[in-house]
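Participant:
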Amino acid sequence: MDTKIGSLDAAKPASNDVVSCNQTNSTVIQPCVPVARGGDSTLGGHLARRLVEVGVTDVFSVPGDFNLTLLDHLIAEPALNVVGCCNELNAGYAADGYSRARGVGACVVTFTVGGLSVLNAIAGAYSENLPLICIVGGPNSNDYGTNRILHHTIGLPDFSQELRCFQTVTCFQAVVNNLDDAHELIDTAISTSLKERKPVYISIGCNLPGIPHPTFSRDPVPFSLSPRLSNKMGLEAAVEAAAEFLNKAVKPVLVGGPKLRVATASDAFVELADACGYALAVMPSAKGMVPEHHPHFIGTYWGAVSTAFCAEIVESADAYLFAGPIFNDYSSVGYSLLLKKEKAIIVQPDRVVIANGPAFGCVLMKDFLKALAKRLKHNNTAYENYHRIYVPEGHPLKAAPKEPLRVNVMFKHIQNMLSGETAVIAETGDSWFNCQKLKLPKGCGYEFQMQYGSIGWSVGATLGYAQAVPEKRVIACIGDGSFQVTAQDVSTMLRCAQKTIIFLINNGGYTIEVEIHDGPYNVIKNWNYTALVDAIHNGEGKCWTAKVFCEEELVEAIATATGPKKDSLCFIEVIVHKDDTSKELLEWGSRVSAANSRPPNPQ
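According to the working numbering, the sequence shown holds residues -1 to 601 in order.
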């Protein structure tokens, strides 16, 4: 039976040279920066020192009356920088971006009004398997168990509404309203986030941060994280079965997926590719997790919208190993991938499934890939086939003088800006497809949010990512519709003296949604975006803006941004036609639309 993967009839880091401060298999968390030593034996002081110890040196916050005392103690920690954001949603997105670069992020908001506002960002981090510590300033500990009604609630004497909302988007929840167990709850929450690679929720009573307690009388002792180990017999059996399956294939391929990040297995995946010689591709949401300068790299596998010649090689292979894939409606292009289950080995962070046959649990991806690398015969047939049929990509048509700027011309120039000292943030929308075609040099970072796909994510994520790796210059590609959702925190970028380059693509609407299903609701009110950023700048900090209509103006703007204004936040508004989209979005949109519009099954 031909069972397809990601079909209707079927039931990010290694390459960007950013080192995480914690690894899944580490047994002890060691301080990434020196932790201040002093006499602060309070809950707030302990939390601040613990954050620094695990690698968080910037916390993104919005003050509210329930978290003000806690913020005082976080600010008092010399190694911790509290970054005030314009709203809680962006604070959460910033912690998301920070976690992608550092391995863990944190945000601090106030009770309920702040917690429910940040919730969407936490859900996105959960979907992307990002360790994130969400700290909420909670009610006074004396108010628990009373019949009192508090402000910032829905008017009921029940303080659990916020907690219940967080239970589905975090892997651990700690409500600290007693100092006796505060140390245990805080440490359990943080260690659980690091082990599970998911967000956690910590609520701290507003009257507790400044109170000394014997459990906080010394600097945090590095706590142990129980090492995750593969079942030895299961590992051996999985490797034996996989090696037999792949060694008899004629033209096998490797495809990396987004769960390479949560499994911390990118290096092991590259080691396997080096050993076996197979053609090497990535799924779209794994871009940036595998080095694109690898000699056998063939591009992004995304079904009908793959990079040139990649889908043909992957889908014609007689065996494929997918490491950490997510097959959802977006990554499968409306469930249209031409893959067959009986040809596939699916390697998840702790499980291996081989074709229609055996499955092996308690097998860690990293261990499996490393062991498999020693058992595979060298076979470069698929890559040789790719090399044989490959035709170099063409260049965009040369623009006439002062011709209105085209999107493909813009990305040709963005490609030339990339280096190991840059990172790309791609917003949900057509930037997904245009940025996917960028060729990342060694060391160039790349992030986007494909599983959750929340428009507006990139503004906060750019803030957080740039704060985490100040040595890199972040290049953010953001559509006008997405920017209108979260634009305020350009202000915070300026306060933090960031030198990001933002390309605001102004095409007058929600282009990605137009290609799925058009309607008048996809047309937005046009803003004077450069004037808005100038107003936010207001003469404080380093900021430069430009509005470009043609290629000549774009070239001049890029030259200024990378030259005289290289130490400034640069905001370049690019005016393009409303129907100027990538061909990949046109194809993808029609397939996703077809999947969305399927009629109900007969009853």
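All residues carry an ideal CB built from backbone N, CA and C; glycine is no exception.
Keep in mind it's a predicted model, so treat the numbers as computed, not measured.
Does the segment 471 to 491 come close enough to the segment 423 to 438 that 3 or more CB-CB pairs lie under 8 Å?
Facilitator: yes
Participant: Taking 8 Å as the cut-off, does the segment 352 to 371 touch the segment 255 to 275 (at least 3 CB pairs, one atom from each stretch)?
Facilitator: yes
Participant: May I have the straight-line CA-CA distance separating H181 from T213, to the nearest angstrom?
Facilitator: In the sequence shown, residue 181 corresponds to position 183, counting from 1. In the sequence shown, residue 213 corresponds to position 215, counting from 1. Distance between H181 and T213, taken at the CA atoms: about 7 Å.
Participant: Could you have a look at K572 and say whether DSSP puts it in helix, strand or coil?
Facilitator: Sequence index remark: in the sequence shown, residue 572 carries index 574 (1-based). The residue you asked about is not Lys; residue 572 is Val in the sequence shown. In the structure shown, V572 sits in a strand (DSSP, three-state: E or B).
Participant: So, for A592: in the same chain, excluding its five sequence neighbours on each side, which residues have a beta-carbon less than 8 Å away from its beta-carbon?
Facilitator: Reading the sequence shown from its first residue, position 594 is the one you call residue 592. Result list for A592: G332, in chain order.
Participant: Looking at T460 and P95, is the spacing between their C-beta atoms short of 8 Å?
Facilitator: Position 97 of the sequence shown, counting from 1, holds the residue named residue 95. Position 462 of the sequence shown, counting from 1, holds the residue named residue 460. In the sequence on display, residue 95 carries Gly and not Pro. Yes. Within cutoff.
Participant: Alpha carbon to alpha carbon, what distance is there between K196 and G443?
Facilitator: Working through the sequence shown from its first residue, we reach residue 443 at position 445. Working through the sequence shown from its first residue, we reach residue 196 at position 198. Cα to Cα, G443 sits roughly 21 Å from K196.
Participant: Inspect the CB distances between the segment 195 to 210 and the segment 231 to 239 and report whether three or more fall short of 8 Å.
Facilitator: no
Participant: So, do the segment 338 to 356 and the segment 300 to 309 have three or more beta carbon pairs nearer to each other than 8 Å?
Facilitator: no
Participant: Determine the extent of the alpha helix (DSSP H) in which L72 is found, giving its start and end residues.
Facilitator: Looking up residue 72 in the sequence shown gives position 74. Counting along the chain, the alpha helix (DSSP H) containing L72 begins and ends at L66 to A74.
Participant: Taking 8 Å as the limit between beta carbons, can you name the residues of its chain near H376, skipping five residues before and five after?
Facilitator: What you label residue 376 is simply residue 378 of the sequence shown in a count that begins at 1. Only A273, C274 and G275 meet the Cβ criterion.
Participant: With a Cβ-Cβ cutoff of 8 Å, do N504 and V572 count as a contact?
Facilitator: Start at 1 with the first residue of the sequence shown, and residue 504 comes out as number 506. Start at 1 with the first residue of the sequence shown, and residue 572 comes out as number 574. Yes; because the gap between Cβ atoms is below 8 Å, this pair is in contact.
Participant: Quick one: what's got a C-beta closer than 7 Å to N229's C-beta in the same chain, skipping five residues either side?
Facilitator: Walking along the sequence shown from the start, residue 229 turns up at place 231. Hits under 7 Å: C360 and V361.
Participant: Based on the DSSP secondary-structure assignment, which residues constitute the bridge partners of I324?
Facilitator: The count along the sequence shown starts at 1 and reaches residue 324 at position 326. Paired residue(s): none; I324 is not in a bridge.
Participant: What are the start and end residues of the beta strand (DSSP E) that includes V173?
Facilitator: Within the sequence shown, residue 173 is the residue found at index 175, counting from 1. Residues Q171 to V174.
Participant: If V248 sits next to D348, beta carbons under 8 Å apart, how far is it from one beta carbon to the other, in whole angstroms?
Facilitator: The count along the sequence shown starts at 1 and reaches residue 248 at position 250. The count along the sequence shown starts at 1 and reaches residue 348 at position 350. No, V248 and D348 are not in contact; Cβ-Cβ is about 30 Å, not under 8 Å.
Participant: Suppose the cutoff is 7 Å on Cβ atoms and the five residues either side in sequence are ignored; what does the same chain contact list for K470 look like?
Facilitator: For this step, residue 470 is matched to residue 472 along the sequence shown. Closer than 7 Å at the Cβ level, and outside the excluded window around K470, lie E419, T420, A421 and G443.
Participant: E445 bridges to which residues according to DSSP?
Facilitator: For the purposes of this step, residue 445 is taken as the residue at position 447 of the sequence shown. When beta bridges are read from the DSSP output, E445 appears opposite I423.
Participant: Can you give me the C-alpha to C-alpha distance between H292 and F267, rounded to a whole angstrom?
Facilitator: Along the sequence shown, read from residue 1 onward, the residue named residue 292 stands at position 294. Along the sequence shown, read from residue 1 onward, the residue named residue 267 stands at position 269. Going by the C-alpha atoms only, they are around 12 Å apart.
Participant: Which residue's Cα is closest to the Cα of G101: H71, K437, D63 and L130?
Facilitator: If you number the sequence shown from 1, residue 101 lands on position 103. Ranking H71, K437, D63 and L130 by Cα distance to G101 puts L130 first.
Participant: Please report the distance separating the alpha-carbon of A92 from that of Q465.
Facilitator: Residue mapping note: residue 92 aligns to position 94 of the sequence shown, counting from 1. Residue mapping note: residue 465 aligns to position 467 of the sequence shown, counting from 1. Their backbone Cα atoms lie some 9 Å apart in a straight line.
Participant: Quick one: what's got a C-beta closer than 8 Å to G451's C-beta in the same chain, skipping five residues either side?
Facilitator: Counting from 1 along the sequence shown, the entry for residue 451 is found at position 453. If we look at G451 and ignore the five residues flanking it on each side, its Cβ neighbours are Y328 and T426.
Participant: Please state whether the Cβ-Cβ distance between C163 and L117 is less than 8 Å.
Facilitator: Within the sequence shown, numbered from 1, the residue matching residue 163 stands at position 165. Within the sequence shown, numbered from 1, the residue matching residue 117 stands at position 119. The answer is yes: Cβ separation under 8 Å.
Participant: Leaving aside the five residues before and after N79 along the sequence, list all residues of the same chain whose C-beta is less than 7 Å from its C-beta, in chain order.
Facilitator: Within the sequence shown, residue 79 is the residue found at index 81, counting from 1. Hits under 7 Å: T55 and D56.
Participant: How about I343 and A279: do their beta carbons lie closer than 8 Å?
Facilitator: To locate residue 343, count along the sequence shown from 1; it is residue 345. To locate residue 279, count along the sequence shown from 1; it is residue 281. It is not a contact, given that the beta carbons lie outside the stated cut-off.
Participant: Within this structure, are the beta carbons of N245 and L374 separated by less than 8 Å?
Facilitator: Within the sequence shown, numbered from 1, the residue matching residue 245 stands at position 247. Within the sequence shown, numbered from 1, the residue matching residue 374 stands at position 376. Yes, they are a contact pair.
Participant: Opposite S59 in the DSSP bridges: which residues?
Facilitator: Within the sequence shown, the letter at position 61 stands for residue 59. Paired residue(s): G82 and V106.
Participant: With DSSP as the reference, identify every bridge partner of T298, one or two as the case may be.
Facilitator: Numbered from 1 along the sequence shown, position 300 holds the residue referred to as residue 298. Answer by DSSP bridge pairing, in chain order: V280.
Participant: On the DSSP bridge list, what partners appear for N504?
Facilitator: Here residue 504 refers to the residue found at position 506 when the sequence shown is read from its first residue. Looking at the DSSP assignment, N504 forms a beta bridge with I573.
Participant: Determine the contact status of I499 and L583, defining contact as a CB-CB distance below 8 Å.
Facilitator: Here residue 499 refers to the residue found at position 501 of the sequence shown. Here residue 583 refers to the residue found at position 585 of the sequence shown. No, the pair does not count as a contact, with Cβ atoms beyond the cut-off.
Participant: Would DSSP call C433 helix, strand or coil?
Facilitator: As a working mapping, residue 433 is identified with position 435 in the sequence shown. Residue state, collapsed to three classes: helix.
Participant: According to DSSP, simplified to helix, strand and coil, what is S24?
Facilitator: Position 26 of the sequence shown, counting from 1, holds the residue named residue 24. Residue confidence for S24 is low, a pLDDT of 40 falling below 50, so the modelled location carries little weight; the figure read from the coordinates is stated next. Coil.
Participant: Under 8 Å by Cβ, that's how I've got R98 and Y508 pegged, so tell me the actual separation to the nearest angstrom.
Facilitator: Along the sequence shown, read from residue 1 onward, the residue named residue 98 stands at position 100. Along the sequence shown, read from residue 1 onward, the residue named residue 508 stands at position 510. Between the beta-carbon of R98 and that of Y508 there is about 25 Å, and that puts the pair past the 8 Å contact cut.
Participant: To the nearest angstrom, how far is it from the Cα of F109 to the Cα of V512?
Facilitator: The count along the sequence shown starts at 1 and reaches residue 109 at position 111. The count along the sequence shown starts at 1 and reaches residue 512 at position 514. Between F109 and V512, the C-alpha separation is close to 38 Å.
Participant: Output the distance between the C-alpha atoms of L403 and C548, rounded to the nearest integer angstrom.
Facilitator: In the sequence shown, the residue the question calls residue 403 occupies position 405. In the sequence shown, the residue the question calls residue 548 occupies position 550. Whole-angstrom Cα-Cα distance: 4 Å.
Participant: Count the other CB atoms, across all protein chains shown, that sit within 10 Å of the CB of P600; report buried if there are 16 or more and exposed otherwise.
Facilitator: Counted from its first residue, the sequence shown places residue 600 at position 602. Here P600 is exposed. Its C-beta has fewer than 16 other C-beta atoms within 10 Å.
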